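Novice:
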Amino acid sequence: MANKGSNFDTTVLIKGGRVVDPSQGLDLAGADVLIVDGKVAKVGAGVAVHPAAKGARVIDAAGLVVTPGLIDMHTHLRDPGFEYKEDIVSGTRAAAHGGFTTICSMPNTNPVPDNQAIVRYIRQKAAAAGYCNVYPIGAVSKGSKGEEMAEIGDMVLEGAVAFSDDGLPVWNSELMRQALTYAKPFGAPIISHSEDKSLAEGGQMHEGYWSMVLGLRGIPAAAEEVMIARDLILAELTGGHIHVAHVSTRGSVDLIRRAKERAKRVAETAAAGGHGRPFRVTAECTPNHVTLTDKAVYDSKYDTNTKVNPPLRTGDDVAALKEALADGTIDVIASDHAPHHFDEKDVEYSYAPNGLSCIEVSLALAITALVEPGVLTLPQLVDRMTTAPARVLGLKGKGSLAPGSDGDVTVLDPKARVKVDLSTWYSKGKNAPYQGFELVGQAIHTVLGGRLVMEDGVLRA
Ligand SMILES: [Zn+2]
């Protein structure tokens with residue numbers, strides 16, 4: 130029998146790892162992390178478990194890296210409505226397997242979360258499954274139709290942390306203005322799926338050399354950049370917080386970098402009593418867009434798993450994304466995990482839906498593309514995948530190993546060599562162009578609120 134009433138039912142000691150916590154600027158070799166009752170109790174060398182903690186779990190992290198639980202702020206769980214692609218249980222299992230302890234679910238479901246009931250459904254189903262924290266992202270507009278604003282305030286009360294019509298742009302500028310204004314007092318960002326549909330219409334891949342060679346209709350970089358420019362301007366107009374999803378072009382990076390500099394100047398001027406209303410600009414990019422270029426469509430002989438929105442771009446765009454991740458212009462790495470059913474992708478390129486499944490290799494793709502070649506240090510990568518998304522979304526107790534934080538911890542091996550085998554994935558979506566890829570880095574253990582959810586790469590039943 131467990132000792133009822135004991136404070137130590139959830140005592141976990143992670144021993145002897147390299148503890149990297151960007152929220153505190155920590156990078157400690159051979160350190161321990163103690164979690165008691167679901168919260169981080171202590172971090173340091175030679176931390177001992179309280180003698181009364183009989184059932185304490187001790188995890189040997191020698192040779193491994195211990196970080197705040199990974200956060201993915203852009204995940205498509207497809208539930209409700211498209212459970213044949215993914216559901217909340219399979220998606221959160223896949224997330225835990227990928228090392229994530231917190232994810233945000235995107236609202237392009239059926240029905241869309243444009244009211245409290247759907248937000249509650251997502252949270253309750255995720256909590257019951259118990260594999261990963263899920264913070265829903267609510268729709269900006271009712272039904273994501275772009276006409277009437279959704280019940281943003283009500284959804285915040287139910288746990289929605291940001292708003293987006295992701296999958297679709299908010300094409301109506303006045304509606305975007307209202308949403309930025311309305312969400313601001315709640316501290317919730319509006320997440321921009323930046324795509325001018327009239328420019329992107331009918332496009333299958335990035336418009337450039339390879340689209341010409343392959344004879345596929347292209348999506349110009351401008352389709353993304355035009356919309357980002359508008360949303361940055363509206364953020365300044367309203368004093369709101371715009372978060373730009375899946376940035377993919379050099380032009381987008383330039384716009385965001387300039388807007389961030391401007392936001393900083395405005396904030397400084399306002400703080401000094403001058404004119405101007407502070408506004409906030411943050412951004413993310415996916416591991417896919419720093420791993421592959423538009424040439425992958427050619428190399429893979431039209432593999433529909435390379436079809437994604439925004440499309441894979443050029444090598445120069447990839448270089449710009451890497452610079453932006455390094456200098457902080459892009460705050461966050463987010464997967465944009467977009468599972469589809471096999472049959473949906475098993476069609477001609479032009480008929481295939483956009484999106485690729487990747488949450489189980491998001492960390493490995495990022496380490497391989499960014500840390501291995503020295504674009505980011507490991508602590509910088511950990512920041513972009515833990516502390517930064519928690520800061521963007523204002524998630525209390527997340528993205529940190531400071532005492533009192535939630536006991537969400539990822540133990541990873543940044544040097545593990547992994548050959549991607551889609552058949553081992555927990556996600557229903559096997560639509561990834563990565564089969565057989567040799568990647569570096571792997572999540573080994575995942576601790577969620579003091580519970581060991583994944584041990585040695587295997588999920589608990
Ligand atoms: Zn999107």
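Following the working numbering, the numbering of the sequence shown begins with 130 at its first residue and continues without gaps. Just so it is clear, CB atoms sit at the ideal spot from N, CA and C, and this is done for glycine as well. Bear in mind that the values here come from a model prediction, so they are computed numbers and not experimental data.
Give me every residue whose Cβ sits closer than 7 Å to any heavy atom of ligand 3, in chain order.
Specialist: By its list of ligands, the structure shown excludes ligand 3, since it contains just ligand 1.
Novice: Could you give the first and the last residue of the continuous alpha helix (DSSP H) run that contains Asn417?
Specialist: Locating residue 417 in the sequence shown gives position 288, where the first residue counts as 1. Start and end: Asn417 to Thr420.
Novice: Please report the straight-line C-alpha distance between Leu163 and Thr204, rounded to a whole angstrom.
Specialist: For the purposes of this step, residue 163 is taken as residue 34 along the sequence shown, with counting starting at 1. For the purposes of this step, residue 204 is taken as residue 75 along the sequence shown, with counting starting at 1. Cα to Cα, Leu163 sits roughly 29 Å from Thr204.
Novice: Between the alpha carbons of Lys168 and Val540, how many angstroms are there, rounded?
Specialist: Here residue 168 refers to the residue found at position 39 of the sequence shown. Here residue 540 refers to the residue found at position 411 of the sequence shown. Those two C-alpha atoms are separated by around 16 Å.
Novice: Just the Cα atoms here: how many angstroms apart are Lys326 and Ala352?
Specialist: Translated into the one-based positions of the sequence shown, residue 326 becomes position 197. Translated into the one-based positions of the sequence shown, residue 352 becomes position 223. Between Lys326 and Ala352, the C-alpha separation is close to 7 Å.
Novice: Would you say the stretch 343-358 touches the stretch 309-326, given that touching needs at least three Cβ pairs under 8 Å?
Specialist: Because the criterion of three Cβ pairs below 8 Å is met, the stretch 343-358 and the stretch 309-326 touch.
Novice: In chain order, what residues of the same chain have a beta carbon less than 6 Å from the beta carbon of Glu600, not counting five sequence neighbours either side?
Specialist: Here the chain has residues from 130 to 590 only, and residue 600 is not among them.
Novice: Spatial neighbours of Phe315 within its chain, please: C-beta separation below 6 Å, excluding the five flanking residues on both sides.
Specialist: Counting from 1 along the sequence shown, the entry for residue 315 is found at position 186. The answer, listed in chain order, is Val285.
Novice: Distance check for Gly528 and Met341, CA to CA, integer angstroms please.
Specialist: By one-based count along the sequence shown, residue 341 stands at place 212. By one-based count along the sequence shown, residue 528 stands at place 399. Going by the C-alpha atoms only, they are around 43 Å apart.
Novice: Please state the DSSP three-state secondary structure of Gly380.
Specialist: Numbered from 1 along the sequence shown, position 251 holds the residue referred to as residue 380. Correct three-state label for Gly380: helix.
Novice: When you compare the CB positions of Thr411 and Thr367, do they come within less than 7 Å of one another, or not?
Specialist: If you number the sequence shown from 1, residue 411 lands on position 282. If you number the sequence shown from 1, residue 367 lands on position 238. No, Cβ-Cβ distance for Thr411 and Thr367 is not below 7 Å.
Novice: Evaluate contact between the stretch 240-247 and the stretch 544-553, counting only Cβ atoms and requiring at least three cross-stretch pairs below 8 Å.
Specialist: No: fewer than three Cβ pairs fall under 8 Å.
Novice: Helix, strand or coil for Ala401? Go by DSSP, reduced to three states.
Specialist: Numbered from 1 along the sequence shown, position 272 holds the residue referred to as residue 401. Three-state DSSP puts Ala401 in coil, outside helix and strand.
Novice: Please report the Cβ distance between Gln571 and Val547, rounded to the nearest whole angstrom; I am assuming they are in contact, meaning their Cβ atoms lie under 8 Å.
Specialist: The count along the sequence shown starts at 1 and reaches residue 571 at position 442. The count along the sequence shown starts at 1 and reaches residue 547 at position 418. About 5 Å; that satisfies the 8 Å criterion.
Novice: Is the beta carbon of Thr415 sitting closer than 7 Å to the one on Asp465?
Specialist: For the purposes of this step, residue 415 is taken as the residue at position 286 of the sequence shown. For the purposes of this step, residue 465 is taken as the residue at position 336 of the sequence shown. Cβ atoms of Thr415 and Asp465: closer than 7 Å.
Novice: Please check the pair Ile266 and Ala312, which I expect to be a contact at CB under 8 Å, by giving their CB distance rounded to whole angstroms.
Specialist: What you label residue 266 is simply residue 137 of the sequence shown in a count that begins at 1. What you label residue 312 is simply residue 183 of the sequence shown in a count that begins at 1. Not confirmed; about 11 Å, so no contact.
Novice: Starting from the C-beta of Val290, find all residues in its chain whose C-beta is less than 8 Å away, skip the five residues before and the five after it, and write them out in chain order.
Specialist: Residue numbering aside, residue 290 sits at position 161 when the sequence shown is read from its first letter. For Val290, where only same-chain residues beyond five positions count, the Cβ hits under 8 Å are Cys233, Tyr264, Pro265, Ile266, Ala317, Leu522, Gly523 and Leu524.
Novice: Just to confirm before moving on: does the CB-CB distance between Ala463 and Asp201 stay below 7 Å?
Specialist: Position 334 of the sequence shown, counted from the start, is the residue given in the question as residue 463. Position 72 of the sequence shown, counted from the start, is the residue given in the question as residue 201. Against a cut-off of 7 Å, the Cβ pair of Asp201 and Ala463 comes out as a contact.
Novice: Keeping to the same chain, check which residues put their C-beta closer than 6 Å to that of Asn438; ignore five residues upstream and five downstream.
Specialist: Taking the first residue of the sequence shown as position 1, residue 438 is located at position 309. Answer for Asn438: Asn483, listed in chain order.
Novice: Between which two residues does the beta strand (DSSP E) harbouring His370 extend?
Specialist: If you number the sequence shown from 1, residue 370 lands on position 241. That run of the beta strand (DSSP E) goes His370 to Val373.
Novice: Could you spell out where the alpha helix (DSSP H) holding Phe471 opens and where it closes?
Specialist: Here residue 471 is taken as the residue at index 342 of the sequence shown, counted from 1. Note, Phe471: alpha helix (DSSP H), Phe471 to Lys474.
Novice: Within the chosen definition, does the stretch 417-437 reach the stretch 555-564 through at least 3 CB pairs nearer than 8 Å?
Specialist: Short answer: they touch.
Novice: How many angstroms separate the CA atom of Arg346 from the CA atom of Lys214?
Specialist: Within the sequence shown, the letter at position 217 stands for residue 346. Within the sequence shown, the letter at position 85 stands for residue 214. Cα to Cα, Arg346 sits roughly 27 Å from Lys214.
Novice: With respect to the alpha helix (DSSP H) encompassing Leu541, which residues constitute its N-terminal and C-terminal limits?
Specialist: Sequence index remark: in the sequence shown, residue 541 carries index 412 (1-based). Run containing Leu541: none in the alpha helix (DSSP H); it sits in the beta strand (DSSP E), Val538 to Lys548.
Novice: Compute the distance between the beta-carbons of Ile488 and Val376, then report whether it is under 7 Å.
Specialist: On the sequence shown, position 359 is the one that residue 488 refers to. On the sequence shown, position 247 is the one that residue 376 refers to. Their beta carbons are not under 7 Å apart, which means Ile488 does not touch Val376 by this criterion.
Novice: Given a cut-off of 7 Å on the beta-carbon distance, is the pair Ala329 and Arg379 in contact?
Specialist: Numbered from 1 along the sequence shown, position 200 holds the residue referred to as residue 329. Numbered from 1 along the sequence shown, position 250 holds the residue referred to as residue 379. In this structure, Arg379 does not lie closer than 7 Å to Ala329 by Cβ.
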